[in-house]
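What follows is one structure encoded as C-alpha cells, with my remarks underneath.
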Amino acid sequence: MHQIIKQILRTGIKTEAPPQPDDALRHEMQQINAQILHHVGRALAIRHVDAGSCNACELEIHCLNNAYYNIEGLGIHFVASPRHADMLLVTGPVSRHMEIALKRTYDATPDPKLVVALGDCGCDGGIFGESYASRGRIANVIPVDVAVPGCPPAPIAILQGILTAVSSRKVV
Amino acid sequence: MKLDDFTSTFPRLPGAMPVWHGSVSAEDLRALCEQVLHGGGKLVALWGSDETQANAHYALHVALVAAPGMLVLSLPIDHEKPAFPDLSDLFPAANRMQRSVTDMLGLHPVGASDQRKWLRHAAWPGKLYPLRKAFDSAGSFPLEEDGYAFVPVTGNGVHEIAVGPVHAGTIEPGHFRFSVVGERVLRLEERLGYKHKGIEKRFEDMTLQQGAKLAGRISGDSTVAYAWAYAQAVESVTGCTPPRRALWLRALLLELERMHNHLGDLGYLGNDAALVFGFAQFWILKEDLLRMNGEVFGHRYLMDRIIPGGVACDLDEAGLARITATLNHIEHEIAILKDIYDEHAGVQDRFLTTGRVMPELAARLGLTGMAGRASGQAWDARAQFPCVPYDQLDVRMATHRNGDVAARVIVRFEEIAESMRLIRLMLERMPVGDDLIAPLADAQEGVLGIGWVEGWRGEILVALHTGKNNSIQRLHAHDPSWQNWPVLEHAIMDNIVPDFPLINKSFNLSYSGVDL
Ligand code: SF4
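Right under this line is the structure:
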C-alpha cells in the first residue's frame, strides 16, 4: 500500500486546463447560446456508441479519461446505459448492421438529448463512404448537433466538441 | 503432393517475407493442410476471390505457416459448382473464415458442420454476394429480417444473458450470449459482424497507392502493422525494395505501436481487477508515448506514416533525443508499477488461473499472437521469419505456459521491455541516408502479393491480387482476432460472469479487423 501512495504522490497532478468551446464546430442550424454552459449546474452523462469505426476514435475517447484530460474532473462522465445519458457520442461511419442498434440507442436516450458525431467518418463517412454496407455519416441516421472532424480527432478536439454541444443546449 | 515439394514446385514470391504461392487441386489442398497441421504448422488465413472476369472461376486461398515460411495455396473453383472442401475439421479456426467466404462470395464448404451465416446480418439478401464482381457496391437493400440460430443450452437452472451489440463501456460493438448457472458461465457464444462496412469491396475501387490509407484504417489500434503489411504486398507486386532507413523506421513505428497498446491494456487490466490506480498510472505513460509520437512523427497513432515504397516521416537528432528520454521515463515508471502489480494480493487473486487456456487447447484451436504466446504457442514472425531490420536485432520472444490472465499480463510486460530494447538498438544503428521512399514500378496484372507483419496482437496478413493498371482486383486483410475470438469462448467457460470483462480485456481482440 505505501508503495502505491508513494507513486501517487510522486506522480503529482497531471491534469491540464480544459479547452474553450469552439463556435466553428457548431452545427449551422443551431441557435448559438454560449451562456448556457454557464448554467449547466450538474454533471453531464455521455453514452458512447461505436456505429462502425476503425477503433482509433475510441482510443482517443479512452484518453479523455486519463489524468491529463481528466474529463470526470470537469463533471463529465460516461454511463453504461443510454437511459442515463444526456448526450450520445457517436463514432464511425454507420454500418448498416449497426443502423438499427444506433436508432434504438437514440430512442432510448431521454429528451432533451445531444448528439456529437466524432471523426471524419462521423462527419461525412470518411474513407469508408456510403455503400451496400455503410450509411456514411452519423447525420444520415440520427440528428446530430455537433460534428468533430479529425482522423481520429485529438482528445482536446473531442472535449471541445462536447463543450460546444453543451454550451448550445437549449433546455437544461 | 508432399509438403517439401511445394516450395520446390512453386516460386517464392518477390518481397521481404518467405512466401510461396501455387495452385493446387482439392485433394492436394487437404493433403497439404494435413501435413502442415501434423508438422506443427498453422492456418493463418483463408479467403476467396472472384476470377470469373479472367477465367470463369472462383478461387479459394489458404495461407499456412510451416517451417520454411508461409505457403499460400490457391484452389480454382468452377462457377457452376461453387464449393470447396471443408478445412474446419483440421483447423477449427477455419469455421468463421469459411462462413464468411460463403456470405461474401457464395462458395460453400462441403461437409462443414457449421454453415450458418457469419458476416451477413441484414444489410443484403442471402442470394447476393458482395465480393462477386457483378455485385453493385453502391447498391442499398432494405434491411432484412436478421435471424440467427444461437446454440441453445438447456438444463436445470440455466439461463441466458444477452449482451450487446452496444456495450456498457467504450468498446466496439458485438453480441455475446452467455448461458449461465448462477454466476458460473457454461457457455459463451459470440456473434460479430456488426461493424461490417464493406472494406474489402471498397479496396476494389482503389489503386495500389490509394489503398494504403484504407489499409491503415482496418483496425485503428494496429494501423502501423496493417500499413506495413499492405506496403509489403504492394512492394512484392511492383518489385520494389524500400530504402534501408525506411525499413528501420517502419520497425521503430511498429514497436511504438506495440508499446502503446500494451501500456493501455495493462492499465485497463488493473482497472478491471479494481485497481483504478493501475489505469491512472499506465494511461499517463500511454499518453506520454502518444504525445511523443505526435511530436516526433506527426500522428499520435502513427497513421499514414508507412506508405508503399517507404515511409512518410523521418527522425532527426531532436526526435531521437525525445524518444530516448520518453523511453527512459517509461522504463523507470514501469519497474515500479510492475512491482506493485506483482505484489498486490487483490490483483493477483483476480489474475491467477482466471480465463485459462491450456497450451494443448491453444494449439488445437490455433490461438495465436500475444495471447498464443501466453499459452505456450511460440510463434513470433519477428523472431522466426525476421525481415529487415529484425534479422539484425535477434528478437527475444516472450512465452509463458499458464495461459491465464496473469500470463497474458506477464507477456505484455515482457514485450514492452523487449520493444524498448529493440527501439534503443534501432536508434543506435539506424542507417543514415536521405532516401525514405523508393519509386514503384507498374504492377503486373493478375499476380498475388503478400504482406505479413507481427503486429501487437499477432500476425497481420494482407493478400493483394492485382488487376489492370495498378488497380486492386481483390484484397483480403486478415487480423489474428479471427483465430482468437473463438478461443475466448473457451477461456470464459467455468469462470464467473463478473470476470468476463477482465478475461476479454486480457485478450483485447479487434472487432473492426474481423468484421471488415
Ligand atoms: S475518423 Fe479515422 S480514426 Fe475515426 S473511425 Fe474513421 S478512420 Fe477511424
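Chains as they are written, first to last, in this note's numbering: chain A, 1 to 172; chain B, 1001 to 1516.
The beta carbon of each residue, even a glycine, is placed where N, CA and C say it ideally should be.
These figures come from a predicted structure and were not determined experimentally.
* the stretch 39-59 of chain A: positions lying closer than 9 angstroms to chain B by Cβ -> Arg47, His48, Val49, Asp50, Ala51, Gly52, Ser53, Cys54, Asn55, Ala56, Cys57, Glu58, Leu59
* Beta carbon proximity, A:Glu99 to chain B, threshold 8 angstroms -> Taking the first residue of the first sequence as 1, we reach residue 99 of chain A at position 99. Yes, A:Glu99 lies at the interface with chain B (some Cβ there is under 8 angstroms from its Cβ).
* Asked: Over what stretch of residues does the beta strand (DSSP E) that includes A:Val49 continue unbroken?
  -> Working through the first sequence from its first residue, we reach residue 49 of chain A at position 49. 44-50 is the span of the beta strand (DSSP E), which, as asked, contains A:Val49.
* To do: Pick helix, strand or coil for A:Met29, following the three-state DSSP scheme.
  => Position 29 of the first sequence holds residue 29 of chain A. Summary for A:Met29: the model assigns pLDDT 32, below 50, so the residue's position carries little reliability, and this model does not support an answer.
* For B:Ser1222, I'd like the list of residues in its chain whose CB is within less than 6 angstroms of its CB, leaving aside the five on either flank, ordered along the chain. => Residue numbering aside, residue 1222 of chain B sits at position 222 when the second sequence is read from its first letter. Taken in chain order, the residues that qualify are Gly1455.
* To do: Note down, in chain order, every chain A residue with its Cβ under 9 angstroms from the Cβ of B:Trp1124.
  => On the second sequence, residue 1124 of chain B is found 124 positions in, with the first residue counted as 1. Going along chain A in sequence order, the residues near B:Trp1124 (Cβ under 9 angstroms) are Arg96, Tyr132, Ala133.
* Taking buried to mean at least 16 other C-beta atoms within 10 Å of its own C-beta, is B:Gln1483 buried or exposed? -> The count along the second sequence starts at 1 and reaches residue 1483 of chain B at position 483. When all chains shown are included, B:Gln1483 counts as buried.
* With a threshold of 7 angstroms, establish whether the CB of B:Arg1217 neighbours any heavy atom of the ligand SF4. => If you number the second sequence from 1, residue 1217 of chain B lands on position 217. The answer is yes for B:Arg1217.
* To do: Write down every uninterrupted run of the alpha helix (DSSP H) in the stretch 1224-1264 of chain B whose length is 4 residues or greater and which is fully enclosed by it, in chain order.
  => none
* Is B:Met1358 helix, strand or coil by DSSP? -> Looking up residue 1358 of chain B in the second sequence gives position 358. In this structure, B:Met1358 counts as coil in the three-state DSSP scheme.
* To do: Would you verify that the beta carbon of A:Gln7 is, or is not, closer than 8 angstroms to some beta carbon of chain C?
  => No chain C appears in the structure shown, which is made up of the protein chains A and B.
* Name, in chain order, the residues that DSSP records as bridge partners for B:Ser1219. => Numbered from 1 along the second sequence, position 219 holds the residue referred to as residue 1219 of chain B. In the DSSP output, where bridge partners are listed per residue, B:Ser1219 has none listed.
* With a Cβ-Cβ cutoff of 8 angstroms, do B:Pro1085 and B:Gly1106 count as a contact? -> If you number the second sequence from 1, residue 1085 of chain B lands on position 85. If you number the second sequence from 1, residue 1106 of chain B lands on position 106. It is not a contact, given that the beta carbons lie outside the stated cut-off.
* Between A:Ser53, A:Gly122, A:Pro18, which lies nearest to A:Tyr69 when the distance is taken from Cα to Cα? -> Position 69 of the first sequence, counting from 1, holds the residue named residue 69 of chain A. It is A:Pro18 whose Cα lies nearest to the Cα of A:Tyr69.
* To do: Report the neighbours of B:Thr1170 on chain A: residues whose CB is nearer than 7 angstroms to its CB, in chain order.
  => To locate residue 1170 of chain B, count along the second sequence from 1; it is residue 170. Neighbours of B:Thr1170 on chain A, chain order: His48, Glu58, Ile61, His62, Phe78.
* To do: For the stretch 1047-1071 of chain B, list the alpha helix (DSSP H) runs that are entirely contained and at least 4 residues long, ordered along the chain.
  => 1052-1055
* Alpha carbon to alpha carbon, how far is A:Ile142 from B:Gln1098? -> Residue mapping note: residue 142 of chain A aligns to position 142 of the first sequence, counting from 1. Residue mapping note: residue 1098 of chain B aligns to position 98 of the second sequence, counting from 1. Their Cα atoms are separated by approximately 35 angstroms.
* Asked: So is B:Thr1223 in contact with chain A if we call contact Cβ pairs under 8 angstroms?
  -> Working through the second sequence from its first residue, we reach residue 1223 of chain B at position 223. Yes, contact with chain A.
* Any 3 or more C-beta pairs closer than 8 angstroms across the stretch 1226-1233 of chain B and the stretch 1287-1306 of chain B -> yes
* What's the call for B:Asn1261, buried or exposed, on a 16-neighbour Cβ count within 10 Å? -> One-based indexing of the second sequence puts residue 1261 of chain B at position 261. So B:Asn1261 counts as buried.
* Enumerate in chain order the residues of its own chain whose CB-to-CB distance from B:Leu1302 is below 7 angstroms, with the five nearest sequence positions on each side excluded. => If you number the second sequence from 1, residue 1302 of chain B lands on position 302. Same-chain partners within the cutoff: Thr1223, Val1224, Leu1253, Leu1256, Glu1257, Asn1293.
* Taking a Cβ distance cut-off of 8 angstroms, strictly less, list which residues of the stretch 1186-1215 of chain B are near chain A, in chain order. => Gly1193, Tyr1194, Lys1195, His1196, Lys1197, Gly1198, Ile1199, Lys1201, Arg1202, Lys1213, Leu1214
* Is any heavy atom in the ligand SF4 found nearer than 7 angstroms to the beta carbon of A:Gly119? -> Numbered from 1 along the first sequence, position 119 holds the residue referred to as residue 119 of chain A. Yes - the ligand SF4 has a heavy atom lying nearer than 7 angstroms to the Cβ of A:Gly119.
* To do: Can you tell me which of the three DSSP states B:Ile1171 falls into?
  => Residue numbering aside, residue 1171 of chain B sits at position 171 when the second sequence is read from its first letter. Three-state DSSP puts B:Ile1171 in coil, outside helix and strand.
* **Sequence-distant residues of its chain with Cβ nearer than 8 angstroms to B:Asp1435 (five each side left out)** => Residue numbering aside, residue 1435 of chain B sits at position 435 when the second sequence is read from its first letter. So the list reads Pro1243, Arg1245, Ala1246, Gly1310, once near-sequence residues are dropped.
* Compute the minimum distance between the beta carbon of A:Ile4 and the heavy atoms of the ligand SF4, and state whether it is under 7 angstroms. => Residue numbering aside, residue 4 of chain A sits at position 4 when the first sequence is read from its first letter. Because no heavy atom of the ligand SF4 lies under 7 angstroms away, the Cβ of A:Ile4 does not count as near it: no.
* **Amino acids of chain A, ordered along the chain, whose beta-carbon sits closer than 9 angstroms to that of B:Glu1027** => Taking the second sequence and counting its residues from 1, the one referred to as residue 1027 of chain B is at position 27. Ordered by position in chain A, no residue passes the 9 angstroms Cβ test against B:Glu1027, which lies about 36 angstroms from the chain.
* Asked: How far does the alpha helix (DSSP H) with A:Glu130 in it reach, from first residue to last?
  -> Translated into the one-based positions of the first sequence, residue 130 of chain A becomes position 130. It is not in any alpha helix (DSSP H) - A:Glu130 carries neither H nor E in the DSSP assignment.
* Asked: So, is B:Gln1281 buried or exposed, given that buried needs 16 or more other C-beta atoms within 10 angstroms?
  -> Position 281 of the second sequence, counted from the start, is the residue given in the question as residue 1281 of chain B. Under this definition B:Gln1281 is a buried residue.
* **Any C-beta of chain A under 8 angstroms from that of B:Glu1287** => Counting from 1 along the second sequence, the entry for residue 1287 of chain B is found at position 287. Output row for B:Glu1287: interface = yes.
* Tell me whether A:Cys57 counts as near the ligand SF4, meaning its Cβ is closer than 7 angstroms to at least one heavy atom of that ligand. => Here residue 57 of chain A refers to the residue found at position 57 of the first sequence. Yes.
* **Same chain, Cβ closer than 8 angstroms to B:His1490, neighbours up to 5 away in sequence not counted** => Here residue 1490 of chain B is taken as the residue at index 490 of the second sequence, counted from 1. Only Val1357, Leu1361, Leu1365 meet the Cβ criterion.
* Which term fits A:Arg135, buried or exposed, when burial requires 16 or more other beta carbons within 10 angstroms of its beta carbon? -> Reading the first sequence from its first residue, position 135 is the one you call residue 135 of chain A. Buried: at least 16 other Cβ atoms inside 10 Å.
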